[in-house]
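Student: Just so we're aligned, residue 44 is where the sequence shown starts under this note's numbering, counting upward by one. Ideal Cβ placement from N, Cα and C applies to all residues, glycine included.
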Amino acid sequence: EFPLLPTPTVIIWPTGEEEQHKGYRPPPNLPPTEDALHGFITYTQSSPDECLTWALSVDAPELASIALHALRNLKKAKDAAQRWIIAHPRTTAIVALKEAFGKDKAKRDNGAFGLRWLMRQGQEAMIDAIAAEYDTATGMAVSAALAALKSADPLDVLPAKMPRLPDFFLPATFRRPMLKDGQALPLAATEHIGSMLAISKPEAPYPGIDIVREICAPDSLAEFAWDLFEAWLDSGAPLKENWAFHALGLLGDDDTVRRLTPKIREWPGESAHARAVAGLDILAAIGTDLALMSLNAIANKVKFKGLQEKAREKIAAIAEARGLSTDELADRLVPDLGLDAGGALTLDFGPRQFTIAFDETLKPFVKDAQGARLKDLPKPIRSDDAEKAATASARYKALKKDAKAIASTQVTRLELAMVGQRRWRRTDFQMFFLDHPITRFLAARLIWGVYADGVFTEGFRIAEDWTLADANDTLYTLPENATIGIAHVLHMPAAAQAAFGQILADYEILQPFRQLGREVHTLTEDELHTHKITRYAQKTVTSGSIMGLINRGWERGQAQDAGWVGDFIKPLGAGLCAVASLDPGMVVGDLSFAPLQRVTEITVHGASENRWRWADPLPLSSLDPITASELLRDIDLLPPSQ
44 EFPLLPTPTV
54 IIWPTGEEEQ
64 HKGYRPPPNL
74 PPTEDALHGF
84 ITYTQSSPDE
94 CLTWALSVDA
104 PELASIALHA
114 LRNLKKAKDA
124 AQRWIIAHPR
134 TTAIVALKEA
144 FGKDKAKRDN
154 GAFGLRWLMR
164 QGQEAMIDAI
174 AAEYDTATGM
184 AVSAALAALK
194 SADPLDVLPA
204 KMPRLPDFFL
214 PATFRRPMLK
224 DGQALPLAAT
234 EHIGSMLAIS
244 KPEAPYPGID
254 IVREICAPDS
264 LAEFAWDLFE
274 AWLDSGAPLK
284 ENWAFHALGL
294 LGDDDTVRRL
304 TPKIREWPGE
314 SAHARAVAGL
324 DILAAIGTDL
334 ALMSLNAIAN
344 KVKFKGLQEK
354 AREKIAAIAE
364 ARGLSTDELA
374 DRLVPDLGLD
384 AGGALTLDFG
394 PRQFTIAFDE
404 TLKPFVKDAQ
414 GARLKDLPKP
424 IRSDDAEKAA
434 TASARYKALK
444 KDAKAIASTQ
454 VTRLELAMVG
464 QRRWRRTDFQ
474 MFFLDHPITR
484 FLAARLIWGV
494 YADGVFTEGF
504 RIAEDWTLAD
514 ANDTLYTLPE
524 NATIGIAHVL
534 HMPAAAQAAF
544 GQILADYEIL
554 QPFRQLGREV
564 HTLTEDELHT
574 HKITRYAQKT
584 VTSGSIMGLI
594 NRGWERGQAQ
604 DAGWVGDFIK
614 PLGAGLCAVA
624 SLDPGMVVGD
634 LSFAPLQRVT
644 EITVHGASEN
654 RWRWADPLPL
664 SSLDPITASE
674 LLRDIDLLPP
684 SQ
């Protein structure tokens, strides 16, 4: 044994909204002093998934030991452990080095596992430096022991007893992995892949999996993994064999994402919430743009609030790890669908070629060689190259599926960006809209504004040749340090609205959502001096219409006993939320319970972690004109029941 290097305990309880939003939240009644640490450590040992999240602002070696144990052994607490370790890498490395070379076997395994995990996160140089500090402080050869740990062949790190493959693992019935030269792996090799998967953990796959991915065709591995997953499902999805499920995260591809995402969305309704949450981990593990976009889409809209919250936690963790906000991450998660930099895709039939374009809903359509729009991709004819035509047809079929998945998310995202008055720097606008092969098609159907100190100064649009044009339809150049947003009609002068409206009409450009000609609402003088909106109290609407508010940025309130929901909530930015109270309220999953609803009042509150315990409502005069207009518009557009 050797002593722990000095690790000063630091306890900071942030209270600002920004830190609260990041998840830093002290446990109830815990004073921000070192005196409380002993009891908190004891509590954390019993509930690491909850307490490690609370303890992101507590830097203490006792917590590092708990986090290392949770990282390796506790699936439920793994995410919280990773976040804590990322927040405190030095303390974790100090403790991990001590444990990795200590006498306790379980702690040795935890420490070695944690060191390898930290090194994969880019912390190897820091770990080497701490090992050298141990050498100096203790006179022990910690650096040499660390070097031995790093040089050990990871392929030789095997469990004491290899698991027996389950009865549903029948590789002869699965699609066979193919080597990159086109040869199928023999059955014996496929069985070895099964053994590698069985001893893998999602956060620490057996290193042989990397070799398999290097020598095999990726699509064949994804097909093999999908067949294995379906065999696991058909056998009753036994929990102890869920490695067959996690294999999708290790070997899956975008086609896996397309097939898995609908299942994740439906599983909670089939009493398989835990499996759906595990599916979110798999999407994150696949990690492609399409996988992360699908994860983000679940975070923004899904029938099951619990699953949505888990997806939001995943997206928030990914964003935080990249030093981004969730909105900034969403900008980066729009796949390019294999289109070239100009947003074009050619489908080659041999003697015939066709090109792809997108309409205002991001639905792809086909143009022939003369540029004429076709109803659909033509069927191959005798003179076509049969192999090329088949490949092109399959490519177009996949493109339509992916574009459909992207479309609703991106259209809603852009509308909410306009409503929320989001702004981009010139370089970000160029990257995420003007130069992006997919979002440029939507961006070109919108009117954009340049803002100075929050005030609209001039508008522009993206022309057909991807240059910029002003309200006179002449070439426009963005100012060097421009701040850019999707222009709201309440910001645009009437003359600019009319000019751009005429240009869109002349070019027969349809907008992806109502921007020009958008309905505008204002609070009355009486409402401005009150704390609630009651103008819709007598309007009866269907519960289905209320659920449609989710597409406009609203969320269901917290479900109470028997799944009853009595309000809908809309984040308004600036730390505010609107709450629409319902009468009689609805039951989650059973809209027939109360098919008709009334929005009895709308109030505005400071955002709260406990969304069913609101502080006193704020005066409505605290809302800016656009926020107030959009809030009223959302409820005004609900169709009255017949």
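Less than 7 Å between the C-beta atoms of residue 369 and residue 337, yes or no?
Tutor: Counting from one through the sequence shown, the residue named residue 369 turns up at place 326. Counting from one through the sequence shown, the residue named residue 337 turns up at place 294. No, the Cβ-Cβ distance between residue 369 and residue 337 is not below 7 Å.
Student: Given this structure, state the Cα-to-Cα distance separating residue 513 from residue 506, to the nearest angstrom.
Tutor: What you label residue 513 is simply residue 470 of the sequence shown in a count that begins at 1. What you label residue 506 is simply residue 463 of the sequence shown in a count that begins at 1. The straight-line gap from Cα to Cα measures roughly 9 Å.
Student: For residue 386 and residue 302, I'd like the C-alpha separation in whole angstroms.
Tutor: Here residue 386 is taken as the residue at index 343 of the sequence shown, counted from 1. Here residue 302 is taken as the residue at index 259 of the sequence shown, counted from 1. Going from the Cα of residue 386 to the Cα of residue 302 covers about 26 Å.
Student: Less than 7 Å between C-beta atoms, sequence neighbours within five positions excluded: which residues of the same chain meet that for residue 444?
Tutor: As a working note, residue 444 is residue 401 in the sequence shown. Excluding residues within five positions, the ones whose Cβ falls inside 7 Å are 301.
Student: Does the pairing of the segment 493–504 with the segment 535–553 give three or more beta-carbon distances under 8 Å?
Tutor: Contact holds: three or more Cβ-Cβ distances are below 8 Å.
Student: Could you check where the alpha helix (DSSP H) with residue 616 kicks off and where it finishes?
Tutor: What you label residue 616 is simply residue 573 of the sequence shown in a count that begins at 1. Residue 616 -> not in any alpha helix (DSSP H); beta strand (DSSP E) instead, spanning 607–616.
Student: Note down, one range per segment and in chain order, each alpha helix (DSSP H) of at least 4 residues found wholly within the segment 535–569.
Tutor: Listed in chain order, they are 537–549.
Student: If the criterion is Cβ atoms closer than 7 Å, does the pair residue 227 and residue 219 meet it?
Tutor: Here residue 227 is taken as the residue at index 184 of the sequence shown, counted from 1. Here residue 219 is taken as the residue at index 176 of the sequence shown, counted from 1. Yes, the Cβ-Cβ distance between residue 227 and residue 219 is below 7 Å.
Student: Going by C-alpha distance, which of 195, 428, 522 and 649 is nearest residue 659?
Tutor: Within the sequence shown, numbered from 1, the residue matching residue 659 stands at position 616. When only C-alpha atoms are compared, the closest one is 649.
Student: Determine the extent of the alpha helix (DSSP H) in which residue 211 is found, giving its start and end residues.
Tutor: As a working note, residue 211 is residue 168 in the sequence shown. No alpha helix (DSSP H) holds residue 211; DSSP gives it neither H nor E.
Student: Within 7 Å (strictly less), CB to CB, does residue 474 reach chain C?
Tutor: The structure shown contains no chain C, having only a single protein chain.
Student: Assuming residue 95 contacts residue 123 (C-beta within less than 8 Å), just tell me the rounded distance between them.
Tutor: Numbered from its first residue, the sequence shown carries residue 95 at position 52. Numbered from its first residue, the sequence shown carries residue 123 at position 80. That pair is a contact at about 4 Å.
Student: Counting along the chain, where does the alpha helix (DSSP H) carrying residue 351 start and finish?
Tutor: Position 308 of the sequence shown, counted from the start, is the residue given in the question as residue 351. Per DSSP, residue 351 belongs to the alpha helix (DSSP H) from 348–364.
Student: State the Cα-Cα distance for the pair residue 186 and residue 47, rounded to the nearest angstrom.
Tutor: Taking the sequence shown and counting its residues from 1, one reaches residue 186 at position 143. Taking the sequence shown and counting its residues from 1, one reaches residue 47 at position 4. The alpha-carbon atoms of residue 186 and residue 47 are separated by roughly 15 Å.
Student: Buried or exposed: where does residue 524 fall if 16 or more other Cβ atoms within 10 Å of its Cβ makes it buried?
Tutor: For the purposes of this step, residue 524 is taken as the residue at position 481 of the sequence shown. By the 10 Å Cβ count, residue 524 comes out exposed.
Student: With residue 344 and residue 593 assumed to form a contact (beta carbons below 8 Å), what rounded beta-carbon distance in angstroms separates them?
Tutor: Looking up residue 344 in the sequence shown gives position 301. Looking up residue 593 in the sequence shown gives position 550. About 6 Å; that satisfies the 8 Å criterion.
Student: For the segment 256–272 against the segment 282–295, are there 3 or more C-beta pairs whose distance is under 8 Å?
Tutor: Yes, the segment 256–272 is in contact with the segment 282–295.
Student: Any chance the segment 441–459 sits against the segment 555–563, with 3 or more Cβ pairs inside 8 Å?
Tutor: As far as the Cβ criterion goes, the segment 441–459 touches the segment 555–563, which means the pair count is three or higher.
Student: By DSSP, does residue 141 sit in helix, in strand, or in coil?
Tutor: Position 98 of the sequence shown, counted from the first residue, corresponds to residue 141. Three-state DSSP puts residue 141 in a helix.
Student: Using the Cα positions of residue 680 and residue 582, report the straight-line distance between them to the nearest angstrom.
Tutor: Start at 1 with the first residue of the sequence shown, and residue 680 comes out as number 637. Start at 1 with the first residue of the sequence shown, and residue 582 comes out as number 539. Whole-angstrom Cα-Cα distance: 11 Å.
Student: So, with DSSP's three-state summary, where would you put residue 449?
Tutor: Reading the sequence shown from its first residue, position 406 is the one you call residue 449. Residue 449 falls in the helix class under three-state DSSP.
Student: Using only the alpha-carbon positions, how far apart do residue 210 and residue 275 sit?
Tutor: Taking the sequence shown and counting its residues from 1, one reaches residue 210 at position 167. Taking the sequence shown and counting its residues from 1, one reaches residue 275 at position 232. Their Cα atoms are separated by approximately 10 Å.
Student: Tell me which residue opens and which closes the beta strand (DSSP E) that residue 648 is part of.
Tutor: The residue given as residue 648 occupies position 605 in the sequence shown. Counting along the chain, the beta strand (DSSP E) containing residue 648 begins and ends at 639–649.
Student: Whole alpha helix (DSSP H) runs in the segment 251–299 with 4 or more residues, listed along the chain?
Tutor: Segments of the alpha helix (DSSP H) lying fully in the segment 251–299: 251–258, 261–277 and 286–294.
Student: Determine the closest residue to residue 397 out of 247, 332 and 431, with distance taken between C-alpha atoms.
Tutor: Here residue 397 refers to the residue found at position 354 when the sequence shown is read from its first residue. Closest option to residue 397, Cα to Cα, is 431.
Student: Going by DSSP, what residue range makes up the alpha helix (DSSP H) through residue 320?
Tutor: As a working note, residue 320 is residue 277 in the sequence shown. Start and end: 316–329.
Student: Do you know offhand how far residue 330's Cα is from residue 339's?
Tutor: Counted from its first residue, the sequence shown places residue 330 at position 287. Counted from its first residue, the sequence shown places residue 339 at position 296. For residue 330 and residue 339, the distance between alpha carbons rounds to 12 Å.
Student: Going straight from the alpha carbon of residue 434 to that of residue 395, what length do you get?
Tutor: As a working mapping, residue 434 is identified with position 391 in the sequence shown. As a working mapping, residue 395 is identified with position 352 in the sequence shown. Between residue 434 and residue 395, the C-alpha separation is close to 14 Å.
Student: From residue 31 to residue 256, what does the alpha carbon distance come to, in whole angstroms?
Tutor: Within the shown structure, residues of the chain are numbered from 44 to 685, placing residue 31 beyond reach of any answer.
Student: With a cut-off of 8 Å on the beta carbons, I'd call residue 298 and residue 334 a contact; round off their distance for me.
Tutor: Reading the sequence shown from its first residue, position 255 is the one you call residue 298. Reading the sequence shown from its first residue, position 291 is the one you call residue 334. Not a contact, Cβ separation roughly 11 Å.
Student: Going by the C-beta, is residue 388 closer than 6 Å to any heavy atom of the ligand ZN?
Tutor: What this structure holds is no ligand at all, so the ligand ZN is not there to describe.
Student: Closer than 7 Å by C-beta to residue 353: which residues in its own chain qualify, once you throw out the five before and the five after it? Chain order, please.
Tutor: Within the sequence shown, numbered from 1, the residue matching residue 353 stands at position 310. Hits under 7 Å: 320 and 323.
Student: Of all the beta strand (DSSP E) runs that stay within the bounds of the segment 377–424, which reach a length of 3 or more residues?
Tutor: Correct list: 389–391, 396–401 and 407–410.
Student: If you draw a straight line from the alpha carbon of residue 498 to that of residue 341, how long is it in whole angstroms?
Tutor: Sequence index remark: in the sequence shown, residue 498 carries index 455 (1-based). Sequence index remark: in the sequence shown, residue 341 carries index 298 (1-based). Straight-line Cα distance between these residues: approximately 34 Å.
Student: Taking the beta strand (DSSP E) that residue 494 falls in, what are its first and last residues?
Tutor: Indexing the sequence shown from 1 puts residue 494 at position 451. Where residue 494 is concerned, the enclosing beta strand (DSSP E) stretches over 491–495.
Student: To the nearest angstrom, how far is it from the Cα of residue 687 to the Cα of residue 475?
Tutor: Not covered by the structure: residue 687. The range shown for the chain is 44 to 685.
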